[in-house]
Each structure stands twice: as C-alpha cells, then as structure tokens.
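Protein chains in written order, with this note's numbering: chain L, 3 to 393; chain C, 3 to 84.
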Ligand SMILES: Cc1cc2nc3c(=O)[nH]c(=O)nc-3n(C[C@H](O)[C@H](O)[C@H](O)COP(=O)(O)OP(=O)(O)OC[C@H]3O[C@@H](n4cnc5c(N)ncnc54)[C@H](O)[C@@H]3O)c2cc1C
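Here it is in structure tokens:
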C-alpha cells in the first residue's frame with residue numbers, strides 16, 4: 003500500500019518517463035546515446051537527487067518513492083536507469099561519508115543534477131574480485147597522484163565527476179575525481195549487448211594530481227564502507243529498475259497476445275501462451291514484494307536492509323531476464339525486432355544479472371549471510387523457543 | 003552505558019553470522035575472515051541504530067572496526083561526543 007505522498011511521487015515519475023523517455027528509448031538505444039537535454043530536464047524536475055533532503059537541493063523522498071522512480075525509469079530505458087544509478091551512488095557516498103568541504107563543493111550540485119557523476123570500480127583485469135583492484139594513489143606534497151585504468155564505466159563518456167575506487171599500498175580508498183583532472187582520459191566503449199545508450203567508457207588515470215580533499219572517508223575505509231554503501235544503493239536501484247522491465251514486458255506481452263491471432267483465435271487463448279503470461283505476472287508480483295520489503299527496511303535503516311536488498315536485486319534481475327525472454331517468445335518474430343521494446347528489454351535485462359555484483363556474487367553473499375537467520379532459528383529450536391524463520 | 007555492554011551487544015549481533023568460531027575481544031575479526039563487506043555494512047547500521055548516532059567519513063578507518071574492543075572504544079567516543 004502506498005501513502006498519498008508515495009503515490010504522488012510515483013505519478014511524477016510516471017509523467018516524466020511517459021513524456022520524455024518512453025517514446026525515445028528505442029531511438030536512444032539505436033543511436034547509442036541519451037541526449038544531455040533529457041538529463042537536464044530530469045534534473046530540472048529534481049529527479050536526480052530525490053533521496054537528498056530539500057535543504058541540500060534534493061526532494062526529500064523516502065526510500066520507496068526513490069525505488070518507484072527507479073522502477074519507472076527501468077520501464078522506460080535501462081540505459082537511463084543506469085545513469086540514474088551511478089549518479090545516485092556517488093551522490094549517496096558524498097551525502098553519507100563526505101567531509102563538510104566535500105559536501106559544500108559537491109552535494110547540492112550533484113543533488114540538483116548540475117553536476118553528473120559516474121562510479122568507477124571495475125578494471126580491465128579485475129571485476130568480481132573487487133578488493134584486488136590495481137588503480138593506486140601515491141602521496142605527493144599535500145595530495146596524491148592517481149594511476150590506473152577503469153573499464154565498463156556507465157556514463158563515463160559524459161560524467162563531470164567520478165567516484166573512483168583505488169588503493170594506497172594495500173589499503174582501499176575512494177576518491178572524487180573531476181573529469182577535467184590533468185592526465186584523465188576517456189575512451190568511449192561500443193558494441194554492447196545492452197545498456198547501449200548508457201555512455202559506457204574506459205577511463206585512464208595517468209599520474210593524475212589530486213588534492214587531499216579528493217579522499218572520501220579515510221584511507222582503508224574505501225571498500226568496506228564507501229564502495230559497499232554505494233553498491234548497496236546500486237543494487238536497490240537495479241532491483242526496482244528490473245521491476246520496471248518486468249512490468250513493461252508483462253504489459254506488452256498481454257496486449258500483444260490479445261491482439262495477435264493464430265489458428266483463428268487470439269494467441270491469448272492458447273494455453274501454452276497463458277503459461278508464459280502466468281509466469282510473468284507471478285514474477286512481477288513476487289519481485290514487487292521483495293523490492294517493497296527492501297525499501298521499508300532501507301527507510302528504517304535496519305541492518306537487514308543490506309541482505310534484503312541483495313535478495314531483491316538477485317531475484318529481480320533473474321526474473322527480469324526470464325520475463326523478458328517470455329515476452330520475446332509471446333511476440334514471436336516481432337519480439338526479435340526493434341519495432342518492439344521487448345527486444346531491447348531482453349538485452350538490457352541480461353546486463354542486470356551482471357552489474358552491481360554479478361548474480362554469482364549475490365548468491366555467495368545471500369547464502370553466507372542469509373544462513374545466519376537459519377542458524378539462529380536452529381539454535382532456538384534446540385532450546386525449544388523457536389518462533390519461525392522470517393517471523 | 004557500561005563500555006563492556008557495548009562489546010557484549012556487538013558480539014551478540016555478530017555471533018549468528020560467525021557460527022561456532024571463537025574469538026576474543028581483541029581478535030581481528032576482519033583478518034580472521036569472520037566479517038565480509040556485507041556484514042561490515044550491517045554492523046555499521048546496527049551500531050548507528052542501537053546507539054543512536056551517525057558515523058561520518060572521519061570514522062571510516064577500518065582499524066576502528068577490527069576488534070570488539072576497538073568498536074567499543076569507537077562507540078564510546080561517539081557517544082561522548084553526542
Ligand atoms: C553494461 C555494463 C555497465 C557497467 N557499469 C559499470 C560501472 O558503472 N562501474 C563499474 O565499476 N563497473 C561497471 N560494470 C562492470 C560490472 O560491474 C562487472 O562486469 C561485474 O562486476 C563483473 O565483473 P567482470 O565482468 O569482470 O566478470 P568476472 O569477475 O571476470 O566474472 C566472470 C564470470 O565469473 C563469475 N565469477 C567470478 N568469480 C566467481 C566466484 N568466486 N564464484 C562463482 N562465480 C564467479 C562471475 O559471476 C561471472 O559470471 C558494468 C558492466 C556492464 C556490462
């Protein structure tokens with residue numbers, strides 16, 4: 003059940019996406035680019051900093067309202083979702099861990115979307131094994147020199163500032179690196195399966211000079227806290243974004259199955275098509291529950307929110323990939339053509355199983371950390387006081 | 003609040019995740035591989051909620067979180083400031 007305010011916030015997101023993103027998303031996908039004017043328009047409506055307080059340039063939306071914005075964005079364009087995601091991940095890091103000076107310089111500017119950000123963790127040789135990144139800083143004078151390469155960076159092509167994960171010796175660090183830093187170069191990446199208009203790029207840092215004020219948090223806290231909190235928010239965005247993909251694919255499949263006739267009747271009357279659609283509807287409803295549950299825990303800042311967000315992202319991305327596959331199937335050849343959006347969504351959904359930690363990484367986290375709940379329950383049962391897992 | 007109560011409560015929070023591994027208040031729970039990045043975040047949220055303060059970037063030294071004693075010192079410092 004949504005509150006009146008959440009319903010209004012969702013309406014704001016729906017109206018924006020229906021007017022500015024849904025009609026254009028396939029063209030953006032084909033051109034491999036989202037026009038900056040769209041992001042400016044999103045910023046003008048305060049949609050790039052919704053979860054930040056109004057005093058700091060945001061809209062003060064609650065976690066579920068932000069999730070609903072991600073859902074609507076995902077339903078319109080997964081590439082736009084990915085830009086919203088990486089921008090929000092950096093914004094969150096500054097809001098949560100930034101020094102007063104960093105907040106002064108970046109917070110309002112990011113929350114209002116005047117400055118747009120990307121998140122740079124992955125490297126050519128390091129993906130899942132993120133604690134072993136090789137990009138490094140060395141102290142120089144009162145600041146640092148940054149050297150290394152990042153790959154697959156969403157919105158890297160256009161971002162004004164990057165939240166970069168690096169190391170000083172063995173210790174992880176997070177840094178805010180403006181695009182115009184000397185020695186920083188950007189090489190656009192193309193030829194992707196999905197997220198084709200997300201502006202992916204490879205970023206090289208060649209001995210980039212940075213002031214001490216570039217450091218977010220402390221040396222050593224870059225991964226366990228800054229990157230992890232950003233990735234947690236990233237998983238939250240992607241989970242809701244996948245919900246959007248699932249809903250859009252289900253809608254299109256139902257409408258098409260009613261209209262398309264074969265063997266003298268709408269294919270909706272063929273039971274094997276109904277089986278596909280039943281699976282899609284069930285997927286949509288169960289993922290919505292997981293996402294809303296994660297949002298409620300996030301809003302209450304409950305420790306369990308981290309695991310539940312991981313569960314939601316894992317389930318949502320798997321379901322999105324399956325549901326988008328079903329939607330292509332229901333559309334037959336049409337589902338293989340860019341005349342339908344399910345073709346694009348099928349490709350984009352697959353990406354969601356890899357980003358913000360691949361699904362194998364999510365499985366490891368869920369099994370290792372989720373097991374605690376069951377162990378606790380087993381102990382309670384041994385003592386005869388069990389009250390049920392998940393109670 | 004008694005300082006020892008803090009390490010006792012943190013132990014109570016961590017123990018279900020750690021299964022049967024024994025650790026002292028001065029053991030490095032990160033080096034022992036007892037705490038992964040997801041748990042580290044959950045620990046931050048637990049401490050913020052239980053003791054009603056907010057961590058800041060300046061607290062983000064992993065050294066502060068390595069042992070129960072250090073966590074207890076950090077929380078005591080934060081509560082003293084509040
Ligand atoms: C479209 C797109 C956008 C992206 N945007 C960004 C971005 O903005 N910023 C950023 O930093 N990164 C970004 N990435 C990178 C993304 O985060 C990585 O691709 C992801 O973390 C996986 O890393 P990898 O591709 O190097 O795969 P690898 O780590 O090389 O893994 C390859 C396969 O092995 C599996 N695997 C690895 N280790 C294990 C294990 N221990 N157990 C079981 N299976 C394992 C993985 O699950 C995967 O299936 C993006 C990627 C894509 C495709």
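Even for Gly, the Cβ is constructed at its ideal location relative to N, Cα and C.
In this text the structure is predicted, and so the values were computed from the model without any measurement.
Look at residue 55 of chain C: its C-beta is not under 8 Å from any C-beta on chain L. Contact check for residue 66 of chain L against residue 75 of chain L fails: the beta carbons are separated by 8 Å or more. Sequence-distant Cβ neighbours of residue 11 of chain C in its own chain, meaning closer than 8 Å and more than five residues away, are 52. Looking only at L:95, L:190, L:385, L:374, the smallest Cα-Cα distance to residue 231 of chain L is reached by L:95. Not one heavy atom of ligand 1 falls within 7 Å of the beta-carbon of residue 67 of chain C. The three-state secondary structure of residue 161 of chain L, taken from DSSP, is coil.
8 Å or more divides the Cβ of residue 70 of chain L from the Cβ of residue 110 of chain L. Annotated three-state conformation of residue 152 of chain L is strand, per DSSP. Secondary structure note for residue 5 of chain L: it is in no alpha helix (DSSP H), with a DSSP letter that is neither H nor E. Interface criterion met: the Cβ of residue 219 of chain L is under 8 Å from a Cβ in chain C. Under the Cβ distance rule, residue 234 of chain L counts among the residues neighbouring chain C, one pair being separated by less than 8 Å. Residue 298 of chain L: member of the alpha helix (DSSP H) spanning 273 to 301, first to last residue. For the pair residue 316 of chain L and residue 361 of chain L, the CB atoms are nearer than the 8 Å cut-off. In the DSSP assignment, residue 18 of chain C falls within the alpha helix (DSSP H) that extends over 5 to 20. Where residue 138 of chain L is concerned, the enclosing beta strand (DSSP E) starts and stops at 138 to 142. For residue 206 of chain L, the enclosing beta strand (DSSP E) covers residues 203 to 212. Neighbours of residue 25 of chain L in chain C, taken as residues at a C-beta separation under 9 Å, are lacking, since the least C-beta distance is about 39 Å.
DSSP lists L:138, L:174 as the beta-bridge partner residues of residue 169 of chain L. Taking 7 Å as the cut-off, one finds at least one heavy atom of ligand 1 near enough to the beta carbon of residue 360 of chain L. In this structure, residue 93 of chain L and residue 112 of chain L form a Cβ contact; the two beta carbons are roughly 5 Å apart against a cut-off of 8 Å.
The Cβ atoms of residue 242 of chain L and residue 355 of chain L lie no closer than 8 Å to each other.
The straight-line gap separating the alpha-carbon atoms of residue 23 of chain L and residue 157 of chain L is approximately 17 Å. In this structure residue 229 of chain L is not in contact with residue 366 of chain L, their Cβ atoms being roughly 17 Å apart against a cut-off of 8 Å. Residue 308 of chain L and residue 267 of chain L have their C-alpha atoms roughly 48 Å apart. Annotation for residue 121 of chain L: no alpha helix (DSSP H) segment contains it, though the beta strand (DSSP E) segment containing it runs 119 to 122.
In this structure, residue 127 of chain L keeps its C-beta atom at 8 Å or more from the C-beta atom of residue 346 of chain L.
Neighbours of residue 371 of chain L in chain C, taken as residues whose beta carbon is under 7 Å from its own, are 19, 40, 41 in chain order. Looking at the DSSP output, residue 186 of chain L sits in a beta bridge with L:207. Taking all protein chains shown into account, residue 264 of chain L has fewer than 16 neighbouring C-beta atoms within 10 Å of its C-beta and is therefore exposed.
In its chain, beyond the 5 residues on either side, 99, 219 have a beta carbon closer than 8 Å to the beta carbon of residue 227 of chain L. Using a Cβ-Cβ cut-off of 8 Å, residue 356 of chain L does not count as an interface residue toward chain C, since no Cβ of chain C sits closer than that to its own. Under the three-state reduction of DSSP, residue 37 of chain C is assigned to coil, being neither helix nor strand. Rounded to whole angstroms, the gap between the alpha carbons of residue 105 of chain L and residue 175 of chain L is 18 Å.
Taking a Cβ-Cβ threshold of 7 Å, the residues of chain C close to residue 231 of chain L are 43, in chain order. Contact check for residue 358 of chain L against residue 257 of chain L fails: the beta carbons are separated by 8 Å or more.
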